[in-house]
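J.: Before we start, here is the structure in question, set down as structure tokens.
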Amino acid sequence: MSTRGGMAPQPFCDILLEGLAPDGGLTLPETPPRLDAATLESWRGLDYADLAARVLGLFIDDIPSDDLSRMTRAAYAPSVFPRIAPLKPLRPGLSLLGLSEGPTLAFKDMAMQFLGQVFEYVLAQRGQTLNILGATSGDTGSAAEYALRGKRGVAVFMLSPHGRMSAFQRAQMYSLQDANIHNIAVRGVFDECQDIVKALAGDLEFKSAHRLGAVNSINWARIAAQVVYYVWGWLRATQGPGEPVSYAVPSGNFGNILAGHIAREMGVPIRRLVLATNENNVLEEFFRTGIYRPRSASQTHATSSPSMDISRASNFERFVYDLVGRDPARVRALMAELQATGQFDLSDLRSSFTDRYGFVAGASTHADRLRTIRDIRDETGVLIDPHTADGVKVALEHLEDGVPMLVLETALPAKFAETIIEAIGEAPEVPDALRDLDRLPQRVEVMDCDARLVADYMRRHAL
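Residues in the sequence shown are numbered from 1 upward in steps of one, following UniProt numbering.
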């Protein structure tokens with residue numbers, strides 16, 4: 001169903017292909033599935049692919065379980081993830097959950113590899129094609145493109161903010177030469193790229209004519225696939241039923257931590273969801289004050305954790321829906337207020353942020369990132385990327401005795417060499433397979449920040 005209440009309930013495979021709901025809202029299950037302690041305990045011996053099939057099966061009732069298992073086996077095969085979501089201890093009570101072992105060295109691979117499988121499966125079943133329109137601040141784009149390159153029936157049109165990603169991130173995306181991959185660099189910031197995606201997805205005539213789909217975390221399938229690693233992390237960090245774990249999550253678009261919220265609502269014993277922002281601290285401000293006040297493009301800082309340079313979190317509406325008692329009319333009113341005034345105020349619900357939903361928040365600066373990268377490397381020999389450093393810095397402010405804190409690793413440091421060199425005085429190691437990326441020819445269209453230009457390009461190149 002839609003957070004705004006204007007969509008008849010649809011099965012999983014239908015919303016998979018839709019992205020935004022027709023009423024402009026975001027899709028969520030009518031009734032969140034529940035996990036009891038016995039079920040969680042019975043999953044302790046499963047590998048990641050089997051666990052993914054079990055968790056995703058709670059959200060997907062229109063794909064046979066055998067087919068779902070085959071897709072999770074393909075998505076999470078050792079050839080794709082040589083190691084999958086290992087715990088990496090940093091200090092007593094503090095570990096990383098290693099989510100960056102996939103083909104693009106970022107946590108987005110964890111969900112995107114499944115999406116690549118399930119898109120191809122559903123489109124083949126239906127004899128349809130789909131044109132994916134997405135926006136990236138750095139990691140979603142490459143993860144989506146590597147998951148969908150060469151897939152039958154799918155083309156990808158990925159918008160990125162021109163000049164605002166790291167050189168490695170640009171090379172990962174723009175060096176792809178597959179015919180079904182289209183990179184568009186927009187002269188603007190990520191939020192403006194995201195606005196173009198929402199504008200075209202909200203143009204129902206254009207969306208229908210060009211069979212538009214989404215791969216950003218506005219797509220519920222992305223969130224569902226991310227819930228899996230919260231369950232996996234809990235199983236790895238605990239010994240028995242009911243033991244609590246906290247998660248610290250570097251946050252920009254609120255998708256990654258939303259999956260943690262879903263897992264907690266389902267019954268996974270998560271004590272705290274620690275939200276970490278960089279200098280673009282709209283979400284930290286909300287959890288501190290109760291006021292959601294997105295910022296303009298000109299007020300969005302370019303930082304050394306660029307994938308979090310986001311001032312309008314497109315997934316936040318799903319949490320707001322739960323926060324206001326799953327009331328679509330209230331959500332519609334708040335979104336209208338946001339559109340009219342640029343903010344909304346839920347400070348009367350502030351006590352529930354932590355007491356009911358487990359959220360706490362903090363912010364991190366460039367100086368914090370450099371110091372955290374340096375300190376963790378000196379103490380443990382582990383090198384972390386700038387976004388993960390934001391998570392570690394804020395996690396350290398919320399450690400509790402007897403409660404393991406897992407920081408969700410965002411990416412490997414190879415993607416952000418400039419900041420790593422500034423922090424420790426030497427370049428990070430680059431995996432052999434990606435060492436010569438910057439020497440490969442790049443294919444990208446650069447255009448002004450105008451939805452009409454993107455629409456015209458898609459008309460010429462869509463399937």
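Ideal Cβ placement from N, Cα and C applies to all residues, glycine included.
Let's test the definition: count the other Cβ atoms within 10 Å of the Cβ of residue 467 and tell me whether it reaches 16, buried, or not, exposed.
T.: A query on residue 467 cannot be resolved here, the shown segment of the chain reaching from 1 to 463 and no further.
J.: Quick one: what does DSSP say S246 is sitting in, helix, strand or coil?
T.: Strand.
J.: Quick check: the segment 417 to 428 against the segment 286 to 296, are at least 3 beta-carbon pairs closer than 8 Å?
T.: Contact fails: fewer than three Cβ-Cβ distances are below 8 Å.
J.: Can the beta-carbon of S314 be found closer than 8 Å to that of N216?
T.: It is a contact, given that the beta carbons lie within the stated cut-off.
J.: Any idea if Q194 is buried or exposed, counting beta-carbon neighbours within 10 angstroms, 16 or more meaning buried?
T.: Buried, by the Cβ-count rule.
J.: Starting from the Cα of I291, find the closest Cα among V156, L349 and P431 and give me that residue.
T.: Minimum Cα distance to I291 is reached at L349.
J.: Mapping the DSSP letters down to three states, classify S305 as helix, strand or coil.
T.: Of the three classes helix, strand and coil, the one that applies to S305 here is coil, per DSSP.
J.: With distances taken Cα to Cα, identify the nearest neighbour of C449 among G25, D191, S2 and Q117.
T.: Nearest of G25, D191, S2 and Q117 to C449, Cα basis: D191.
J.: What residues are listed by DSSP as bridge partners for L94?
T.: R91 and M405.
J.: Going along the chain, which residues of its own chain have a beta-carbon closer than 8 Å to the beta-carbon of L204, five neighbours each way excluded?
T.: Within the same chain, L204 has close Cβ partners P22.
J.: Report the rounded CA-to-CA distance for V331 versus Q177, giving the unit in angstroms.
T.: So the alpha carbons of these two residues sit roughly 42 Å apart.
J.: Quick one: Cα of R460 to Cα of P441, how far?
T.: For R460 and P441, the distance between alpha carbons rounds to 23 Å.
J.: Any contact between the segment 112 to 131 and the segment 140 to 159? By contact I mean 3 or more CB pairs, one from each, below 8 Å.
T.: These segments touch.
J.: Specify the secondary structure class of G260 as computed by DSSP and reduced to three states.
T.: Of the three classes helix, strand and coil, the one that applies to G260 here is helix, per DSSP.
J.: Apart from the five residues on each side of it in sequence, which residues of its chain come closer than 6 Å, Cβ to Cβ, to P269?
T.: The answer, listed in chain order, is G242 and P244.
J.: Tell me whether L463 is buried or exposed, calling it buried when 16 or more other Cβ atoms sit within 10 Å of its Cβ.
T.: Exposed, since its Cβ has fewer than 16 Cβ neighbours within 10 Å.
J.: Let me check understanding here. Comparing Cα to Cα, which of T410, P328 and P29 lies closest to G6?
T.: When only C-alpha atoms are compared, the closest one is P328.
J.: Apart from the five residues on each side of it in sequence, which residues of its chain come closer than 8 Å, Cβ to Cβ, to S352?
T.: Same-chain partners within the cutoff: L323.
J.: Between D62 and the ligand NAD, is the CB less than 7 Å from at least one heavy atom?
T.: Here there are no bound small molecules, and the ligand NAD is not part of this structure.
J.: Since L87 and L97 are thought to touch, with beta carbons under 8 Å apart, how far apart are those beta carbons, to the nearest angstrom?
T.: L87 to L97, Cβ: 6 Å. Contact.
J.: Does the segment 210 to 227 come close enough to the segment 136 to 150 that 3 or more CB-CB pairs lie under 8 Å?
T.: Contact holds: three or more Cβ-Cβ distances are below 8 Å.
J.: Is it buried or exposed for G391, if we count other Cβ within 10 angstroms and need 16 for buried?
T.: So G391 counts as buried.
J.: With DSSP collapsed to three states, give me the class of L273.
T.: Strand, per DSSP.
J.: Please confirm whether V197 has its beta-carbon closer than 8 Å to some beta-carbon of chain D.
T.: The chain labelled as chain D is not found in the depicted structure, where only one protein chain is given.
J.: Using only alpha-carbon positions, find the residue among A49, A455, I420 and R443 that is nearest to Q172.
T.: It is R443.
J.: So P161 is in the beta strand (DSSP E); what residue range does that whole segment cover?
T.: First-last of the beta strand (DSSP E) with P161: V154 to P161.
J.: Look at the Cβ atom of L273, then the Cβ atom of V249, and state whether they are nearer than 8 Å.
T.: Yes; because the gap between Cβ atoms is below 8 Å, this pair is in contact.
J.: Return the CA-CA distance between S307 and E422, expressed in angstroms with no decimal places.
T.: Taking the straight line joining both Cα atoms gives about 18 Å.
J.: Quick one: measure Cβ to Cβ for W43 and L56, integer angstroms, because I've assumed they're closer than 8 Å.
T.: Not confirmed; about 13 Å, so no contact.
J.: R187 bridges to which residues according to DSSP?
T.: In DSSP, R187 forms a bridge with D448.
J.: Given that a residue counts as buried once 16 or more other Cβ atoms are within 10 Å of its Cβ, and exposed if not, what is P413?
T.: It counts as buried.
J.: Rounded C-beta distance between L159 and A411? I'm assuming under 8 Å.
T.: Not a contact, Cβ separation roughly 20 Å.
J.: Please state whether the Cβ-Cβ distance between T3 and E317 is less than 8 Å.
T.: Yes, Cβ-Cβ distance for T3 and E317 is below 8 Å.
J.: So, is D385 buried or exposed, given that buried needs 16 or more other C-beta atoms within 10 angstroms?
T.: Under this definition D385 is a buried residue.
J.: Let's test the definition: count the other Cβ atoms within 10 Å of the Cβ of S208 and tell me whether it reaches 16, buried, or not, exposed.
T.: That one is exposed.
J.: When burial is assigned at 16 or more other CB atoms within 10 Å of the CB, is Q169 buried or exposed?
T.: When all chains shown are included, Q169 counts as buried.
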